Every structure is written in structure tokens, then in C-alpha cells.
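Residue numbers (this note's numbering), protein chains in the order written: chain A, 2 to 348; chain B, 123 to 513.
Before any comments, here is the structure.
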């Protein structure tokens, strides 16, 4: 069996070598970007590279994520109370997807799968991903996507094994899409308005960015919006956390400028029309994704709601989000179920 | 020892085929990503198994060409990723030609935000007995401008085999659709010409719908002519919740809330429940919360079609079919109007104002009933002479 696997890998590598894509403008290797210092798999940011985190991040098959931003030298970002920050041309946003061997001991024995880069060029944002080698010594540019078997021990101590899918370059734009232009999804001030452990100690990210000159024209801190942490009830009501969860996981497509505009289901937190965010809304093109349910959200009854159904199925033609979710996010499903089950049926 | 070597050979060939499939996916996905504008991507003859969507994005003047229907087969039977078989988005002047897409887990071919998309001699199919686990749409251009579907075949979609939604300037011709819930569906679309198609053995042959809560609100200027729409009596297998789940088994043509239709010279034969239905969105019983949406059908002309049906009771198993059957028994009329008119389009005598009328004239074997849906069907009855425009 081992031998066969080896043969398969050899064939695969051979096949890969003669169809190797050329992307002239970008480095073939992640190390060539100079994002990390020292041993690359330690992901220690080089000078000018700043780690960041989001209050409520996008779920991707339980992957842990290490995020970094690098602004052009001397550049800064203007404060904006809404939407993703308007990063200047030359900005890099970097996100590594990795799995700790045992989720009960995060950060130990990490297996880094891919590092995605968004680079802001004069012509707009470009997206690409680098797939890490087995020995974790570097990662290579991969435009056609890939898949890898990933194993980890989950928080309950159960061994998990699944197929992790690295998106192809077109699929990047499946999510990072604003009126058919590639756009970052996460880093808004509301999402950044939380504490992060920096090398210099714990600090609020907005304060850190402000004091290090990354973010300018920042108003009074008490007026800065703050996205609740989806799984921390002390940070927001059930409704606020559920809407924040749906916004980061769904609204990149499900909004008026996104690829799922055809559905008429809009999930940004700012959407106030109940039917537009799914309450008693009939589906348009759900197909088998309706799971036999009649409306996206049936107040008081998650089981009868299409949103719940599509979150808890793994069938690729039915599941939501469409990409990056081979494993059900049990905790996310529980949150949305509770939100719908407690919703009042007055609409 | 001999047994062992067989095992090795068997495992080897398995590994090889998995690798070869992955090779195909990677090779063609890379080509689609790297294609220069104007490129022709040639797909070889054979059956190729894909596990992920093949996608084309942000390109101009690209042709994807196989060796022909059922000669080049892209099978998505083992698909593990992606919500459609083939996806084309944000492109211009794209031609898809000469191949078959089988067993996509979701929609077979979705094209979105494409200016000028042509499908020529392409087949989409779900093998086996049609069921709700089949993907929703076969051909699925949505929010496109300039759509041509020619000499295509669609089989087994759990929603619509050939579906054009929220698009403009559409031609669907010379195509065949069967064993879908809806054979051909035009939804919230402007300027569509649907002709010389054969739509048969679906639940409904041709649907023209306007639905609420969509970005492109209003369809219209639609012609459906010279089609052969017959034997659409296939039991409805759409997953509940989808609008087509309410289509009656035995429907030839169904018009829902659309304005500006010309339906002529079709053969509408042996669709055993409703040869042609014209209904407002109210009759679906679904909630409307969209102020910009007009739920009424109007400005429809149905003329010079041939209507026939076999003797017997309607075959629909839904509540409306039951009501109609109780009323008309085996003498069911061909054409139904639910009776709900937009009051703003009526004059003081209750007649349609000029240009807004629903006209049904000069059809062979024409027979019409009004359902009186707004009064719980109490006034349902024949109304054969009520569809001549007076203004």
C-alpha cells in the first residue's frame, strides 16, 4: 500500500511538473516574499509585517489561521467605520491555514497547509495561494488548486481525518468578490476591535495600529464599532453574535455586490429587512439545497429552515458555504439553531 | 504470492486512475485559468471524472470545445467540491460546445455575469431515475446578457433543465428537455425567444415566471413559438421549497406573473392536467414582501397553437388539480387563468385597458376556464369567450 501511494504521488508529481503554470509576476515560493523571518514554518513576521486577528472569523474546516498585514513602507490606512479597510496599493494580506496535531494543545506540532496572499496592485487586488511541502520548509504557488488529507485530534479528543481542499485561483474570487472585483473580506475596524497578543504584550488591535501609524484619523475609541465574538456571550446578544457569524461566513457572497445576489438573500449585519436576511423567505435556486424546507428561516424552528439545513449538510451541491467546508462547523450550527429556535414568529 | 501480485496490480491501477483523473482536473483547470483572451480549449474524447467544479473567470472570447455530445463526457458522479459542474463568471463572448456534463452534485453549468454566452450541442444529464437528489438546474445562465442555447439537451434536473434567469436577450432553440421538473424555464428575464424546441415528459414543459425579491425584478418581451411541448406528465420530484415544486404534474406551459408574452404556433399536446396555465403570484400561496414586485400577469397573447389531450382525468396530484378535477371531471379545459387581474390595468367596466389584455384566440381545440382563485375557486368555470381584447 505504501508503495502504491508512492507510485501515485510520483505520477502525480510528474503530471504536475509538465503542466506547471507560469505566473510570471509572482514568486514561485512563499519564502521569496520575505514575509517571515527565521524558520519559515514558525511564521515569525519580518519587520513591517503585523499579525492580526478577527473577532468573528470565517470558519474553514476547523483550520487555525495566522493572519498578517504588510503595508508599503511609510503608508497607512484611513479609518472607516464600515466595510473592509481601504488598504493602499502595495498592501499584502497574508493568511496561513494550519492544524495543530491536537486541538487540546493548540500551537504545538503545527501542520501548515497553505498560505494565501492578497496583494493590492494598481489594477486591483490579486489573490494566490501557496501550498506547503511535507517537510514544512517552504510553500509553492499553486493556481489550479489541490487537496490534502488532514488529520488532527479535535477538542473532544477524537481523531479527525478529512480531505482539505486548496481552492484554485478562480475559486478565490468565488468569495473575494465585490462587483466582480477581488476584495479582502475580513479586516474591518469592527472585526479588528479586539485584543491580540503581540510580541510586545497584549493590546487592542486598533490602538496598536494607531500607535504604530498603520491606522490614521481614528475617532474616540468608545465610538468605534465592535463585532461581537460569535462564541462569547459576554461580547454580544444571541442575535448580534448570530448575525456576526452569518455576516463573516456568508455575506461575502450573500450581499447586493456579491456572487449570491441572484438569490435575493442578503446577510450583512446592516441588512434590516427581515425577509432579505431570510425570515420567511422562499428560495430562488436552492435546488436540492432546500432539503425539502420551504423558507430560509422559519422563526422558532431551525429544523424547518433552509439556512440550518445547508449548514449541517456536507453534500457539495447543498452545503453552505459552497467552498472550504467539508466538515460541519458544529458550534456554528448550534449558534444559528439557537438563534432561529428563539426567534419570534411575527414577520 | 500470485494473489499478492494481483493485489498490487489492482491497487496500482486504482492509484493510476485516481491520479489520471486528478491530472485531468488540474490540467484543464490550469488551462482555463491561464487562457489568454481568444483561446480555444479543446477537450479530448472520453469520459473524465472530476471531483471539483471546472471554472472560467474574467476572460474574453474563450471557446471550450469537446468532441461532441456523449463523446466528451465530464462526469461529476464523485464530486466532492464546488456547487456546480462547470462555472463561467464575469466573462465576455464565451462558447461552450460539444460535450456532456453528467451527474453534477449541484447545478450542471452555471454562467453568471457573462456578456454573450453560447451553448451549442451541449448535453447535461443526471443518470438513473430522476429524483430530488439530482442537481437543480441543467443549463443555468443567470444575470447574463446575450444568451444562446442551441441544439442542447437537458435531462433529469430537479428544478429546470434549461433555465435562464435574470438575463437579457435570450435565444433558446432546437433543444430538447425531458425528465426534468421544468423542461425550459425563463425567469425574470427580458427579450427571450424560445422556439423549435421539444420539451416532453417533464412535470411542466415550458415555464415563464416573474418572482419577487430578485435583483432583476421584471421579465417581459418573451416569445414562445413553434415548440413541441408534449406529454409533460412526469411526477413532480422537485425538493419542497423550490417554486417549481408547486408545478402541477401534467403542465404544458405555465405563466406566473409575467408581462409581455407572445405564445404561438406551438404543439401543446397530451399535457394531461393544464395545457396552459396563467396565474398570479398570489395563487402560489407564498408571501410577497417586495414593493417593487408586480405579482400579476398581463399583456399575454396565446394564438394559433394546437391543443390536444388524451381522454381521462387530470394527472396532477396537488390540491389545485383535485379542485379542478372535481369541477370538470374528464372534460378538463386546456387553458386556465386564475382570474386575478391587476386592478390598475382595468377600465371602469372591468376590461383590460389597451395593450394589457390577456388574449386567447385562434387556437386549435381551444378551451378556457377561469379559476376564480381570489374567491376560493367558488366561481370557477368555463370562460371560453372572455379572452378577446375589447380595448
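Where is the CB? At the ideal position from N, CA and C, for every residue including glycine.
From a predicted model like this one, the values you see are computed outputs, not experimental measurements.
Note that the C-beta distance between residue 204 of chain B and residue 230 of chain B is not below 8 Å. In the three-state DSSP reduction, residue 173 of chain A falls in the helix class (H, G or I).
The alpha-carbon of residue 149 of chain A is positioned some 8 Å away from that of residue 167 of chain A. Per DSSP, reduced to three states, the secondary structure at residue 290 of chain A is helical.
In the DSSP assignment, residue 431 of chain B falls outside any alpha helix (DSSP H), carrying neither H nor E. In the displayed model, residue 336 of chain B falls within coil according to three-state DSSP, outside both helix and strand. Sequence-distant partners of residue 315 of chain A (beyond 5 residues in either direction) whose C-beta falls short of 7 Å from its own C-beta, in its chain, are 327, 329.
With a threshold of 16 other beta carbon atoms within 10 Å, residue 260 of chain A meets it and is buried.
At a Cβ-Cβ threshold of 8 Å, residue 117 of chain A and residue 136 of chain A do not count as neighbours.
Check the Cα spacing between residue 307 of chain B and each of B:374, B:359, B:334: the tightest is with B:374.
The beta carbon of residue 473 of chain B is closer than 7 Å to those of 512, 513 in its chain, skipping five residues each way along the sequence. When secondary structure is reduced to three states using DSSP, residue 31 of chain A falls in the helix class. Taking a C-beta distance under 8 Å as the contact criterion, residue 172 of chain B and residue 196 of chain B qualify as a contact pair. Listed by position along chain A, the residues whose Cβ is nearer than 9 Å to that of residue 259 of chain B are 286, 288. Membership of residue 328 of chain A in any alpha helix (DSSP H) is not indicated, and neither H nor E is assigned to it by DSSP.
The continuous alpha helix (DSSP H) containing residue 449 of chain B extends over residues 441–450.
For the segment 161–174 of chain A, residues whose beta-carbon sits nearer than 8 Å to a beta-carbon of chain B comprise 164, 166, 169, 170, 171, 172, 174. Proximity of the segment 420–432 of chain B to the segment 475–486 of chain B meets the contact definition, three or more beta-carbon pairs being nearer than 8 Å.
Judged by DSSP in its simplified three-state form, residue 242 of chain A adopts helix. The straight-line gap separating the alpha-carbon atoms of residue 416 of chain B and residue 298 of chain B is approximately 31 Å.
Per DSSP, residue 93 of chain A lies in no alpha helix (DSSP H); the unbroken beta strand (DSSP E) holding it starts and ends at 93–101. Put simply, the CB of residue 233 of chain A is far from chain B, with every gap to its CB atoms at 8 Å or more. A Cβ-Cβ separation of about 12 Å leaves residue 278 of chain B out of contact with residue 289 of chain A under the 8 Å criterion.
In its chain, beyond the 5 residues on either side, 42, 44, 97, 98, 99, 133, 137, 140 have a beta carbon closer than 8 Å to the beta carbon of residue 113 of chain A.
In the DSSP assignment, residue 350 of chain B forms a beta bridge with B:320, B:389.
When Cβ pairs closer than 8 Å are counted between the two stretches, the segment 159–170 of chain B is seen not to touch the segment 160–178 of chain A, the count staying below three.
Straight-line measurement puts the Cα of residue 234 of chain B at about 10 Å from the Cα of residue 267 of chain B.
By the rule that beta-carbons nearer than 8 Å mark a contact, residue 337 of chain B touches chain A.
For a Cβ distance threshold of 9 Å, residue set 335, 409, 411 of chain B lies close to residue 282 of chain A, ordered along the chain. Taking the beta carbon of residue 202 of chain B as reference, the chain A residues within 7 Å of it are 164, 317, listed in sequence order. Secondary structure at residue 234 of chain B: strand, using DSSP grouped into helix, strand and coil. Residues 279, 297, 298, 337 of the same chain have their beta carbon placed closer than 7 Å to that of residue 308 of chain A, with the five preceding and five following residues left out of the count. Under the Cβ criterion of 8 Å, residue 263 of chain A is counted among the residues facing chain B. Residues of the segment 241–265 of chain A with a C-beta atom less than 9 Å from some C-beta of chain B are 257, 260, 262, 263, 264, 265, listed in chain order. By the rule that beta-carbons nearer than 8 Å mark a contact, residue 426 of chain B does not touch chain A. Here residue 342 of chain A carries a helix assignment [DSSP, helix/strand/coil].
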